[in-house]
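This report concerns only the one structure given below.
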Amino acid sequence: MPQTIGEKILAAHAGKDRVHPDELIEVRVDFALGNDITAPLAIQAFRKAGATRVFDPARIALIPDHFVPNKDIPSAVQAKEVREFAQEQHLVHYYEVGRMGIEHALLPELGLVLPGDVVIGADSHTCTYGALGAFATGVGSTDLAAAMITGKVWFKVPHSVKFVYRGKPRPWVGGKDLILYTIGKIGVDGARYRAMEFTGEVIGSLPMADRFSMCNMAIEAGGKAGIIAPDALTEEYVRGRARREYRIVRADPDARYEAVYDWDISDLDPVVALPHSPANVRMVSELPDISIHQAVIGSCTNGRLEDLRLAARVLRGRKVAPGVRCIIIPATQRIYLDALNEGLLEVFIQAEAAVSTPTCGPCLGGYMGILAPGERCVATTNRNFVGRMGHPQSEVYLSNPAVAAASAVAGRIVHPDAL
Amino acid sequence: MKLKGYAWKFGDDVDTDAIIPARYLNTTDPEILAAHCMEDADPEFPAKVRKGDILVAGKNFGCGSSREHAPIAVKASGVGCVIAHSFARIFYRNAFNMGLLILECPEAAESIVTGDEIEVDPDRGVIVNHTQNKTYHAQPIPPFMQDLVRAGGLMPYVKEQAQKQSGA
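Put into structure tokens, the structure is as follows:
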């Protein structure tokens, strides 16, 4: 029976020739991760289970990135708990402030997650790694603890849904716009429990950064995984980074999908998801006048070098509007350094934007840009739920980096060409 | 075992930021998390919810983050059971792993309103609404999940497996 990418990867890790949707299987995990918010609960569960040693200290990453550099005393205590566990277990992949980055940007950058892998992470945006042709999904802390002990996890094999993108994207339209458009079409539970496979000529021409953005937000449609078949670009990205063997897996041509969506996106303009749902999507050109108080460019969705280049293209020679705070957060130290060497940081500082060390900070309303009641922010992040970036009466508008940068300059949400 | 309590009704797509806002994730203390459970959706909920009450919601309950703090907060707030039209995937797993009883029942999710007196028989998947004199039948819990629940959640289950292995 022909199979999808997700089915093939899961079968290989379950020691089976094939798996079927809805089948319950136990699979071997290639890599598992947690952060400073989810790891403390996983460590508590690990101890409660009576475990003393992780299954493999080289296949677990603990990355403090959400509330670090420590935002307050309780966060410092949690970060310390994670650090001490990493030391006790001799974890190879613990990344301290100064070396760390936002987990979902850092792990692919370091070649720790690879094509054909099964990856679980105690963070919902673990699905990001599907951009490499891996089966990667978010789990809770207890599932992470079980995987840290046994190296295994149980899954129900998801049904697969295929998304085909055709046509020629307009200028300023990227992966973020495609995934917001998709969520807008199918809704925040449109792919609940499903593996989303993104294909078509448009995906083939997308840079890796945009592919990561797309798979990153599969969870925002309820997806268990977002997957893009590896191609020459994937192999180019992985080559030189990979620290172990990997396997290129592609879907069989006649694989069965529960549904297939086929869209020509040639007419799509940059989009924005309005409060308070990532599915509340409109084209920027159709929006009424929406003034903003803050712009955030960064996060596991859009904090990569390509994203910063887009922001710099818009901000070069311009100034952030009076009354607007523009906060730019490179996702990893490597990206930060590359942005420095390319002169992007100077562009940002000359534009009077604030540039921060890597952190998830404002995306989840942790710190580094919290909103007051009535404040509005355009952000390249992934969620705009009530209270997501601060006060429950604040608002978040999700966009691509160019729209966020242009809006910071205009003081209201605008198309980059409107400046 | 039967549960009896009063219903708290919420809508579709109740996300994990609504269940427990991220600003409180600098702790794992169930009591502190419970003190802020659902507060952005209904500021009165943490103070007024009583032990054994039933949380009822629409589609896709628990969408968003993987934070296990969400089922911990709901359980520690005293809620005996969550009934929804459907649950987001990660929340569904986390709830079982934490020993929070959840039932999928579109009919009950539609019909029940805040304040209804509800009785739940989780073994049979039967939900009785004493206020409206109605009975609903929930989706039965898959056998594999029942095994996990019987073991007391995922950790006791893993502990059993580990003990079997070391004893072998």
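As they're listed, the protein sequences go chains V and W. Counting from -13, one number per residue, gives the positions in the first sequence under our numbering. Counting from 1136, one number per residue, gives the positions in the second sequence under our numbering. All C-beta atoms in this analysis are idealised placements derived from N, C-alpha and C, irrespective of residue type, glycine included.
Checking contacts by CB at 7 angstroms: is residue 261(V) closer than that to chain W?
no
Report yes or no: is there a C-beta of chain V within less than 7 angstroms of the C-beta of residue 1251(W)?
no
For a cutoff of 7 angstroms on Cβ pairs, would you count residue 176(V) as touching chain W?
Output row for residue 176(V): interface = no.
Considering only C-alpha positions, which residue in the set 20(V), 90(V), 281(V) is nearest to residue 307(V)?
281(V)
Just to confirm, is the Cβ distance from residue 1198(W) to residue 1223(W) under 7 angstroms?
Going by C-beta atoms, residue 1198(W) is nearer than 7 angstroms to residue 1223(W).
Out of 160(V), 207(V), 116(V), 17(V), point me to the one whose CA is closest to residue 1200(W)'s CA.
207(V)
One question on the structure: do residue 1210(W) and residue 1235(W) come within less than 7 angstroms of each other, judged by their Cβ atoms?
yes
If you run the structure through DSSP and keep just helix, strand and coil, what is residue 1216(W)?
strand
Going by DSSP, which residues form a beta bridge with residue 1222(W)?
1196(W)
Taking 7 angstroms as the CB-CB limit, is residue 1160(W) close to chain V?
yes
Per DSSP, which residues does residue 414(V) bridge with? Please list them.
Residue 414(V) cannot be examined here, being either before or after the span of chain V that is shown, -13 to 405.
Using beta-carbon positions only, say whether residue 1149(W) and residue 1205(W) come within less than 7 angstroms of one another.
In this structure, residue 1205(W) does not lie closer than 7 angstroms to residue 1149(W) by Cβ.
So, does the CB of residue 1203(W) fall closer than 7 angstroms to a CB anywhere in chain V?
True, the Cβ-Cβ gap to chain V drops below 7 angstroms.
Taking the alpha-carbon of residue 137(V) as reference, which of 19(V), 249(V), 168(V), 85(V) has the nearest alpha-carbon?
For residue 137(V), the nearest C-alpha among the options comes from 19(V).
What does the alpha-carbon distance come out to for the pair residue 1219(W) and residue 175(V)?
Rounded to whole angstroms, residue 1219(W) to residue 175(V) spans 14 angstroms at the Cα level.
Does chain W have any CB closer than 7 angstroms to the CB of residue 348(V)?
Cβ-Cβ to chain W under 7 angstroms: no for residue 348(V).
Find the nearest neighbour of residue 37(V) within the set 74(V), 112(V), 189(V), 235(V), judged by alpha-carbon distance.
74(V)
Pick out whichever of 336(V), 326(V), 330(V), 316(V) has its Cα sitting closest to the Cα of residue 347(V).
316(V)
Hey, could you find the ends of the alpha helix (DSSP H) residue -8(V) is sitting in?
-9 to 0
Are at least three pairs of beta-carbons, each pair with one atom in the stretch 1249 to 1264 of chain W and one in the stretch 1140 to 1157 of chain W, less than 8 angstroms apart?
Inter-segment contact for the stretch 1249 to 1264 of chain W and the stretch 1140 to 1157 of chain W is present: three or more beta-carbon pairs are separated by less than 8 angstroms.
What does the Cβ neighbour count give for residue 290(V), buried or exposed, with the cut at 16 atoms within 10 Å?
buried
Quick one: what's got a C-beta closer than 6 angstroms to residue 339(V)'s C-beta in the same chain, skipping five residues either side?
306, 312, 314
Quick one: is residue 350(V) buried, meaning 16 or more other Cβ sit within 10 Å of its Cβ, or exposed?
Classification for residue 350(V): buried.
Roughly how many angstroms lie between the CA atoms of residue 240(V) and residue 66(V), to the nearest whole one?
50 angstroms
Applying the criterion that 16 or more other CB atoms from any shown protein chain within 10 Å of the CB defines a buried residue, is residue 161(V) buried or exposed?
buried
Keeping to the same chain, check which residues put their C-beta closer than 8 angstroms to that of residue 1303(W); ignore five residues upstream and five downstream.
The predicted position of residue 1303(W) is uncertain, since its pLDDT is 48 and thus under 50; no value can be drawn from it.
Assuming residue 110(V) and residue 49(V) form a contact by the criterion Cβ under 8 angstroms, report the distance between their Cβ atoms to the nearest whole angstrom.
With a Cβ gap of about 15 angstroms, residue 110(V) and residue 49(V) do not count as contacting.
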